[in-house]
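Read the structure below first, then the notes.
Numbering (our numbering), first residue to last: 1 to 365.
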């Protein structure tokens, strides 16, 4: 077998023969062509890319090459979501920490405000003691303090009127029951002269001064607590104790108003009636001094004055006894509130220490 013409190692084709089909004329085989060096093409320049952009481009290249990047995409998305949740949690935790710190500062400040306000309310006992004496004196008959002097003076004035009525009764009324003669007790005419002279200017000699007892209990901090501090007040048991103190303060103010009403209204009306009766008695005595006797009208008026003075005496005693009982109740309530405030102050100091407060206010307490 001879190799075909133009085959490697074959003989050249004879002259005059047409070229073999499938081979272009004068064209060598690929193996015979000289190899040309083609320089590698450089990748196009890329600008700055973020990590996420590079990942997306890599996934696109892998997808273009026929590879599957679904699993890597899943992991990448999972990491992204995890980072988002971690960021949100960190931000929320930071905000929560800031809010808690702010609430704690406000809570500590509120505790200090309560201490100052409760101290001021304890000092309000002085407004009661100036008219009713020591809060510790609660026994009826001993608990009216300076106010008792008003009743003492009133009954002294009333006793003078009763002496005059007794003299007039013995001199002008008692004679009708015995021998028809007057029987004026010794010293009665001296009393008439003195009484008539003392009432010449229509002056009864008794001056009534209304009492102002109501303490001014402060409630600014308590109102602030009710408006904005109930939810953030951490020690609920302490809050209940503070509420009891302010409830007793309200009760004391009501009781003091009742005492003022009894003294300024009931007793003052009794004083007014006694003053009017005293003036009627002064007219009778004046007639006796100028006429050396009493008319039938004077005798009738004398009977009325005698009954009126007795009624006024009992009315004043009733007002005094009622006042003493009301003062006893009020003072005992003040003592209860005093002990409650003392206990609350101690509890507030303990709470401040629990909150880490080392302020000078807490140290002094």
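The C-beta atom is built at its ideal place from N, Cα and C for all residues, glycine as well. Just so we're clear, the structure is a prediction, and the values are computed from it rather than from any experiment.
Within-8 Å CB hit, residue 117 to chain B: This model lacks chain B altogether; it includes just one protein chain.
Which residue comes first and which comes last in the alpha helix (DSSP H) that contains residue 207? For this step, residue 207 is matched to residue 207 along the chain shown. Unbroken run through residue 207: none, as it is neither H nor E.
Contact between the segment 273-293 and the segment 134-144: three or more CB pairs below 8 Å? Cβ pair count under 8 Å is below three, so no.
Verify whether the separation of the beta carbon atoms of residue 242 and residue 330 is less than 8 Å. In the chain shown, residue 242 corresponds to position 242, counting from 1. In the chain shown, residue 330 corresponds to position 330, counting from 1. No, these two residues do not count as a Cβ contact at 8 Å.
Relative to the C-alpha of residue 188, which candidate in 234, 164, 340 and 348 has its C-alpha closest? On the chain shown, position 188 is the one that residue 188 refers to. Nearest C-alpha to residue 188 among 234, 164, 340 and 348: 164.
Cut-off 7 Å between Cβ atoms - residues of its own chain near residue 103, not counting five sequence neighbours on either side: As a working mapping, residue 103 is identified with position 103 in the chain shown. If you ignore the 5 residues before and after residue 103, its C-beta comes within less than 7 Å of the C-beta of 232, all in its own chain and listed in chain order.
Keeping to the same chain, check which residues put their C-beta closer than 7 Å to that of residue 289; ignore five residues upstream and five downstream. In the chain shown, the residue the question calls residue 289 occupies position 289. Same-chain partners within the cutoff: 192, 193 and 196.
How do the segment 246-262 and the segment 156-171 stand: do at least 3 beta-carbon pairs fall below 8 Å, yes or no? Pairwise C-beta distances place the segment 246-262 out of contact with the segment 156-171, as fewer than three of them are shorter than 8 Å.
Which stretch, first to last residue, makes up the alpha helix (DSSP H) that contains residue 342? On the chain shown, residue 342 is found 342 positions in, with the first residue counted as 1. That run of the alpha helix (DSSP H) goes 296-354.
Between residue 334 and residue 216, what straight-line distance do the alpha-carbon atoms span, to the nearest angstrom? The residue you call residue 334 lines up with position 334 of the chain shown. The residue you call residue 216 lines up with position 216 of the chain shown. C-alpha separation (whole angstroms): 13 Å.
Can you tell which of 314, 207 and 342 has its C-alpha closest to the C-alpha of residue 238? Here the question's residue 238 lines up with position 238 in the chain shown. Out of 314, 207 and 342, 342 has the C-alpha closest to the C-alpha of residue 238.
Assuming residue 327 and residue 132 form a contact by the criterion Cβ under 8 Å, report the distance between their Cβ atoms to the nearest whole angstrom. Sequence index remark: in the chain shown, residue 327 carries index 327 (1-based). Sequence index remark: in the chain shown, residue 132 carries index 132 (1-based). Their Cβ separation, rounded to whole angstroms, is 6 Å, which keeps residue 327 and residue 132 in contact under 8 Å.
Buried or exposed: where does residue 292 fall if 16 or more other Cβ atoms within 10 Å of its Cβ makes it buried? Here residue 292 corresponds to residue number 292 of the chain shown, with the count starting at 1. Residue 292 should be labelled exposed.
Do you know offhand how far residue 305's Cα is from residue 280's? Along the chain shown, read from residue 1 onward, the residue named residue 305 stands at position 305. Along the chain shown, read from residue 1 onward, the residue named residue 280 stands at position 280. Distance between the alpha carbons of residue 305 and residue 280 is about 7 Å.
Rounded to the nearest angstrom, what separates residue 221 and residue 230 at their Cα positions? On the chain shown, position 221 is the one that residue 221 refers to. On the chain shown, position 230 is the one that residue 230 refers to. Approximately 12 Å, taken between the alpha carbons.
Between the C-alpha atoms of residue 348 and residue 82, what's the straight-line distance to the nearest angstrom? Position 348 of the chain shown, counted from the first residue, corresponds to residue 348. Position 82 of the chain shown, counted from the first residue, corresponds to residue 82. Taking the straight line from one Cα to the other gives about 45 Å.
Taking 7 Å as the cut-off, is the beta-carbon of residue 193 closer than that to any non-hydrogen atom of the ligand FAD? Inclusion of the ligand FAD in the displayed structure is not the case, the ligand content being empty and no account of it being possible.
For residue 74, count neighbouring Cβ atoms within 10 angstroms of its own Cβ and tell me buried if that reaches 16, exposed if not. Translated into the one-based positions of the chain shown, residue 74 becomes position 74. Exposed, by the Cβ-count rule.
Could you pull the start and end residues of the alpha helix (DSSP H) that residue 158 belongs to? In the chain shown, the residue the question calls residue 158 occupies position 158. Taken as a continuous stretch (DSSP letters only), the alpha helix (DSSP H) holding residue 158 covers 147-168.
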